[in-house]
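Visitor: Just so we're aligned, residue 17 is where the sequence shown starts under the numbering used here, counting upward by one.
Just dropping this structure here.
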Amino acid sequence: MPGHPARFALAATLCGVAFLPSAALADPYASVGLNLLITPTQRIPVGLGVELGAGQTSEFSRRGVVVQGDLIGFETGRVSVGVRGLRPVGPDIPVVAGASFALRTQGGPGVVFDLGAGMLGDLGEAHARLETTLPLRPGEVDALKLRSDRHTQQTSLVAGAGWNLVETFTGTPDTLEGRPLRRSGRPMLPSVATGSLSPSAARWLQRGRTEHASVPAFQQLAAELRALSAPQQLVGRALRAAREEAGHARLCYAEVARRTGRPVWVGPAPRWRVRGGTRAARLARMAKEALVDGIQGEGDAARRAASARDAAREDRVARIEHVIVVEESGHARLAEDVLVWARREQRRGRGVHRRSTGILSRRAAAG
Ligand SMILES: [Fe+2]
Ligand SMILES: [Fe+2]
Numbered sequence: 017m018p019g020h021p022a023r024f025a026l027a028a029t030l031c032g033v034a035f036l037p038s039a040a041l042a043d044p045y046a047s048v049g050l051n052l053l054i055t056p057t058q059r060i061p062v063g064l065g066v067e068l069g070a071g072q073t074s075e076f077s078r079r080g081v082v083v084q085g086d087l088i089g090f091e092t093g094r095v096s097v098g099v100r101g102l103r104p105v106g107p108d109i110p111v112v113a114g115a116s117f118a119l120r121t122q123g124g125p126g127v128v129f130d131l132g133a134g135m136l137g138d139l140g141e142a143h144a145r146l147e148t149t150l151p152l153r154p155g156e157v158d159a160l161k162l163r164s165d166r167h168t169q170q171t172s173l174v175a176g177a178g179w180n181l182v183e184t185f186t187g188t189p190d191t192l193e194g195r196p197l198r199r200s201g202r203p204m205l206p207s208v209a210t211g212s213l214s215p216s217a218a219r220w221l222q223r224g225r226t227e228h229a230s231v232p233a234f235q236q237l238a239a240e241l242r243a244l245s246a247p248q249q250l251v252g253r254a255l256r257a258a259r260e261e262a263g264h265a266r267l268c269y270a271e272v273a274r275r276t277g278r279p280v281w282v283g284p285a286p287r288w289r290v291r292g293g294t295r296a297a298r299l300a301r302m303a304k305e306a307l308v309d310g311i312q313g314e315g316d317a318a319r320r321a322a323s324a325r326d327a328a329r330e331d332r333v334a335r336i337e338h339v340i341v342v343e344e345s346g347h348a349r350l351a352e353d354v355l356v357w358a359r360r361e362q363r364r365g366r367g368v369h370r371r372s373t374g375i376l377s378r379r380a381a382a383g
């Protein structure tokens, strides 16, 4: 499923808290809240969140269980269950901390941490919380949300407003550049997080992700070529291509930072592994990838970069596109050479197979 180029969430939060009467020092309480999530850059721009809590309170100190669910655009959702507590650490300073286990519709399961501090006063309590979801799988960063709550001791009502400080990109962009690492045919892109982006910055960011994911793809190619005893010059060219892809990713991320004035947070590149199979199967896979990802994918990337270079209004952008044109063309040529070598090895393998089965059948006939 193609991902949106950007996700920006403005979260308005309204919560109610009911303190149940009790003679005990620690009063039980229950809370229920509704979050309205507005996501202007998504196709379906509205989401809803529900927050339920229950626990005990003593003066301003509270602890309890919280269940939270958010759904944005019927596509990006999260349900989390965890604990959250609030206690004063100084005369007027409450600290809020919590941890939840989250199940997300994008990016796999994660752990939600939230941490905040505020002030206690005659009018009640106000605090700001920073919330983020850290993935259980490395390489993905989820939203960082700043939320502010305000309670009054007398009315026990909570009103909050939240703002997603960073965007998350865990989906797959509509256009892929070059040859990103794939698993089960699916491109494995690094997650990145940044502030809200203009369309041009979002395009550079998505481009950077696919360039970044091409680094492990070439490292994998080099390792697999070596494992198949390919000529050293092909292995060396694949390793050089990996370094060049890292350079492309840096150029793209630098363009994002230049356009936003902020650094880009990038998760690690996806991890590669040498894939198994018989020699014949590995050669067939290498030949197919050389054709589809290398000759076609990298060739297309080079042609798109050439058009962008010719249309560029800024010299800096034209220079970046030129570097990418030259190096992506080199990658397409590398793919052609890998294809030629893999096909030759396939033919040689079939010849060896025919010869060996011929010997075996002659031996069988003689025996
Ligand atoms: Fe590239
Ligand atoms: Fe490339």
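Glycine residues also receive a C-beta, built at the ideal position from the N, C-alpha and C atoms.
(1) State yes or no: is the C-beta of L146 within less than 8 Å of the C-beta of V127?
(2) Taking 8 Å as the threshold (C-beta atoms), are D353 and L237 in contact?
(3) Would the C-beta of G69 count as close to ligand 1, meaning under 7 Å from any of its heavy atoms?
(4) Considering only the beta carbon of each residue, do V282 and Y269 sit closer than 8 Å?
(5) Taking the alpha helix (DSSP H) that S323 falls in, what are its first and last residues?
(6) Assuming contact is defined by CB atoms lying nearer than 8 Å, are E260 and M302 in contact in what I supplied?
(7) Shorter than 7 Å, the distance from the beta carbon of A322 to the closest heavy atom of ligand 1, or not?
(8) For the stretch 321–340 against the stretch 353–366, do three or more pairs of beta-carbon atoms, one drawn from each stretch, fall closer than 8 Å, so that the two count as touching?
(9) Please go through the same chain and pick out, in chain order, the residues whose beta-carbon is closer than 7 Å to the beta-carbon of E344, but skip the five residues on each side of it.
(10) In the DSSP output, which residue or residues are listed as bridge partners for T73?
(11) Can you tell me which residues fall inside 5 Å of ligand 1, judged by beta-carbon distance to its nearest heavy atom, and keep chain order?
(12) Any heavy atom of ligand 2 closer than 7 Å to the beta-carbon of E352?
(13) Would Q84 and S74 qualify as a contact pair, given that the criterion is a beta-carbon distance under 8 Å?
(14) Use the C-beta contact count for G134: other C-beta atoms within 10 angstroms, 16 or more gives buried, fewer gives exposed.
(15) Please go through the stretch 246–272 and give each complete beta strand (DSSP E) segment of 3 or more residues, from N-terminal end onward.
(16) Between W288 and the rest of its own chain, which residues show a CB-CB distance below 8 Å, the 5 nearest in sequence each way excluded?
(17) In whole angstroms, what separates the C-alpha of A328 from that of S216?
(18) Answer with buried or exposed for A118, where buried requires no fewer than 16 other C-beta atoms within 10 angstroms of its C-beta.
(19) According to the neighbour-count rule (16 or more other Cβ atoms, all chains shown, within 10 Å of its Cβ), is E330 buried or exposed?
(20) Report all residues from its chain with a CB closer than 8 Å to the CB of G310; omit the five preceding and five following residues, and keep chain order.
(21) In the structure shown, what three-state DSSP assignment does M135 receive?
(22) Compute the minimum distance between the beta carbon of H347 and the heavy atoms of ligand 2, and state whether it is under 7 Å.
(23) Where does V290 sit, in a helix, a strand or coil, going by DSSP?
(24) Can the beta-carbon of A143 be found closer than 8 Å to that of V112?
(25) Measuring only from the beta carbon, is S230 closer than 7 Å to any heavy atom that is part of ligand 2?
(26) Would you give the residue range spanned by the alpha helix (DSSP H) that R223 belongs to?
(27) Compute the minimum distance between the beta carbon of A270 and the heavy atoms of ligand 2, and state whether it is under 7 Å.
Guide: Short version:
(1) By 1-based counting over the sequence shown, the position of residue 146 is 130. By 1-based counting over the sequence shown, the position of residue 127 is 111. Not a contact, by the Cβ cut-off of 8 Å.
(2) Along the sequence shown, read from residue 1 onward, the residue named residue 237 stands at position 221. Along the sequence shown, read from residue 1 onward, the residue named residue 353 stands at position 337. The answer is no: Cβ separation not under 8 Å.
(3) Residue 69 sits at position 53 when you count from the first residue of the sequence shown. Checking every heavy atom of ligand 1 against the Cβ of G69, none is found closer than 7 Å.
(4) As a working mapping, residue 282 is identified with position 266 in the sequence shown. As a working mapping, residue 269 is identified with position 253 in the sequence shown. Taking 8 Å as the Cβ cut-off, V282 and Y269 qualify as a contacting pair.
(5) Sequence index remark: in the sequence shown, residue 323 carries index 307 (1-based). 315–327 is the extent of the alpha helix (DSSP H) around S323.
(6) The sequence position of residue 260 within the sequence shown is 244, counting from 1. The sequence position of residue 302 within the sequence shown is 286, counting from 1. Not closer than 8 Å, so no.
(7) Locating residue 322 in the sequence shown gives position 306, where the first residue counts as 1. Because no heavy atom of ligand 1 lies under 7 Å away, the Cβ of A322 does not count as near it: no.
(8) No, they do not touch.
(9) To locate residue 344, count along the sequence shown from 1; it is residue 328. Closer than 7 Å at Cβ, skipping near neighbours: G194, E314, A317, A318, A321.
(10) To locate residue 73, count along the sequence shown from 1; it is residue 57. Partner(s): D43, R78.
(11) G194, E227, E261, H264
(12) On the sequence shown, position 336 is the one that residue 352 refers to. Not under cutoff, so the answer is no.
(13) As a first step, residue 84 is located in the sequence shown; it is residue number 68 there, counting from the start. As a first step, residue 74 is located in the sequence shown; it is residue number 58 there, counting from the start. Going by C-beta atoms, Q84 is not nearer than 8 Å to S74.
(14) Stepping through the sequence shown from its first residue, residue 134 is reached at position 118. G134 should be labelled buried.
(15) none
(16) Position 272 of the sequence shown, counting from 1, holds the residue named residue 288. Same-chain partners within the cutoff: L197, P232, A233, Q235, Q236, A239.
(17) Taking the sequence shown and counting its residues from 1, the one referred to as residue 328 is at position 312. Taking the sequence shown and counting its residues from 1, the one referred to as residue 216 is at position 200. Taking the straight line joining both Cα atoms gives about 13 Å.
(18) Residue 118 sits at position 102 when you count from the first residue of the sequence shown. Buried: at least 16 other Cβ atoms inside 10 Å.
(19) Counted from its first residue, the sequence shown places residue 330 at position 314. Per the 10 Å Cβ criterion, exposed.
(20) As a position in the sequence shown, residue 310 is number 294, starting the count at 1. Contacts found: R195, H347, A348, L350, A351, E352, V354, L355.
(21) Along the sequence shown, read from residue 1 onward, the residue named residue 135 stands at position 119. Of the three classes helix, strand and coil, the one that applies to M135 here is strand, per DSSP.
(22) For the purposes of this step, residue 347 is identified with residue 331 of the sequence shown, where counting begins at 1. Result yes, Cβ under 7 Å from ligand 2.
(23) Against the sequence shown, residue 290 aligns to sequence position 274. Coil, per DSSP.
(24) In the sequence shown, the residue the question calls residue 143 occupies position 127. In the sequence shown, the residue the question calls residue 112 occupies position 96. Note that residue 143 is His in the sequence shown here, rather than Ala. Their beta carbons are under 8 Å apart, which means H143 touches V112 by this criterion.
(25) In the sequence shown, residue 230 corresponds to position 214, counting from 1. True, at least one ligand heavy atom lies under 7 Å from that Cβ.
(26) By one-based count along the sequence shown, residue 223 stands at place 207. It spans 215–243 - the alpha helix (DSSP H) in which R223 sits, taken as one unbroken run.
(27) As a working note, residue 270 is residue 254 in the sequence shown. No, since every heavy atom of ligand 2 falls outside the 7 Å radius drawn around the Cβ of A270.
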